[in-house]
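Anchor point for the sequence shown: position 251 equals 251 in full-length UniProt numbering, and the numbering is continuous, going up by one each time.
We put the beta carbon where it would ideally sit given N, CA and C, even for glycine.
Owing to the predicted nature of the structure, the values given are computational and were not obtained by experimental measurement.
Notes follow the structure.
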Amino acid sequence: MNGSAGSAAVPLLGAPYDLLDWLVGRWSDGLGWVGETLGIGMLDYVFMHHAFLVGALIAVMAPLIGTFLVHRQLALIGDALAHTAFAGVAVGLFVNSLLGTGISPYVTAIVVAVLAALAIELISETTDAYNDVSMAIVLSTGFALGAVLISINTGGLAVGINQYLFGNLATVSRENAVLLVVLFAIVSLVVTVTYKQLLYVTFDETAARVAGINVPWYNRLMTTLTALVVVGAMQIMGVILVAAMLVVPVAAAAQVARGFREALLASVLLAELAVLVGITLSYHYEATAGGTIVLVAVAVYILMVLAGKVQSARAVDEDAPSDAAVGERAVGEPSDD
């Protein structure tokens, strides 16, 4: 995405945008100094500074929302919203091609993804369809709309579409990084403020209704936040792989963590590991960033599964009585005679 389009990503923010832009600039200066001091070649490039910033923020946002989704058995909603976000990107590119505007495709992706998130809830509430049915309908509609807009455009819309499908480190501009910081602030603040209500709705909707919590409203809120995370992560993960960051680190943390909050913190740490290692490997081997990050995340998941098995085996061994203890109890027990 070019700079002019990216600058439209956060219109009318004025002074707040200038502050965020300044902070992103200082982050870039800091990583540049680290690269120069330690001789790390990949930190010579500004786009890598932006990629690491975006990746680090995504590694917090995705598990923050994904932990709720996995416990609610809504792991596939990320896929549905990613495909509708693809339609949003196609809308942005189509409008820019047709009218010559400078609208950022990521802005149109946010709008379309949020509308799709609300549509999923609306379909479930008004038709009594299961969540997976509403997600399948929205996913199919979104991807079909994107495909149609690409196919009917004679200006070559498909030329740059791969970066949105698979992600691209080199396209993470300063403006995109600022947009991601805005999304990160919104998602983190909302989850912090509504944490107790979201937790209540996640584990017992019936009790939440009895307690007077507006369950449909919080369901819509969760899907809307998911849409924001999906669009933010799409910059480096791409549409096809973005849902993995909502699920894989959470599933990995669940293998070793005890309790919801511990699982949430562990999933963030594992996601950070996957993103930072994945971006580094992607740069050195010139591989697709999204695919590399997901493969690292899956490798971490496998390690956590093995660690969980070892942890369980040790717990069983500790709980099991020793042979000596069994013998002592046997000697001390009175005879049936």
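Within the stretch 179-267, the complete alpha helix (DSSP H) segments at least 4 residues long are 195-203, 205-210, 215-241, 244-254, listed from N- to C-terminus. By the criterion of a C-beta distance shorter than 6 Å, residue 308 is surrounded in its chain by 255, 256, once the five residues flanking it on both sides are discounted. Annotation: residue 73 is outside any alpha helix (DSSP H) and is labelled neither H nor E by DSSP. For the 7 Å CB-CB criterion, residue 100 and residue 289 do not form a contact. Under the DSSP assignment, residue 152 falls in the alpha helix (DSSP H) whose first and last residues are 131-152. Taking the Cα of residue 89 as reference, the smallest distance to any Cα among 145, 245, 74, 173 is reached at 145.
Assigned with DSSP and collapsed to three states, residue 45 falls in coil, not helix or strand. Fewer than three Cβ pairs drawn from the stretch 200-207 and the stretch 124-139 lie within less than 8 Å of each other, which leaves the two stretches out of contact. Between the C-alpha atoms of residue 177 and residue 29 there is a straight-line separation of about 14 Å. For the pair residue 198 and residue 232, the CB atoms are not nearer than the 7 Å cut-off. Across the set 236, 39, 65, 189, the C-alpha of 65 shows the shortest separation from the C-alpha of residue 249.
For residue 171, the secondary structure class from DSSP, reduced to helix, strand or coil, is helix. Spatial neighbours of residue 137 in its own chain (CB-CB distance under 7 Å, excluding positions within 5 residues in sequence) are listed in chain order as 123.
Residues of the same chain with a CB within less than 6 Å of the CB of residue 183, apart from the 5 flanking positions on each side, are 228, 232 in chain order. DSSP places residue 102 in the coil class of the three-state scheme, outside both helix and strand. For residue 128, no alpha helix (DSSP H) run applies, since DSSP gives it neither H nor E. In this structure, 245 is the residue among 258, 245, 259 with its C-alpha nearest to the C-alpha of residue 278. The C-alpha of residue 72 is placed about 14 Å away from the C-alpha of residue 216. With respect to the 7 Å criterion, residue 113 and residue 147 are not classified as neighbours on the basis of their beta carbons. Here residue 49 is buried, its C-beta having at least 16 other C-beta atoms within 10 Å. By the neighbour-count criterion, in which 16 or more other beta carbons inside 10 Å mark a residue as buried, residue 185 falls on the exposed side. The DSSP-derived three-state label of residue 32 is helix. With 16 or more other Cβ atoms from the protein chains shown falling within 10 Å of its own Cβ, residue 175 counts as buried. By the 16-neighbour rule on beta-carbons within 10 angstroms, residue 284 is exposed.
Residue environment analysis places residue 55 among the buried positions, since at least 16 neighbouring C-beta atoms fall within 10 angstroms of its C-beta. In the three-state DSSP reduction, residue 40 falls in the coil class, being neither helix nor strand. Of the candidates 23, 224, 43, the residue whose Cα lies closest to the Cα of residue 280 is 43.
Under the three-state reduction of DSSP, residue 286 is assigned to coil, being neither helix nor strand.
Here residue 105 has 89, 92, 93 as same chain residues with Cβ atoms under 6 Å from its own Cβ, once five neighbours each way along the sequence are excluded. Distance from the CA of residue 172 to the CA of residue 47, rounded to the nearest whole angstrom, comes to 6 Å. Here the C-alpha atom of residue 142 lies approximately 6 Å from the C-alpha atom of residue 83.
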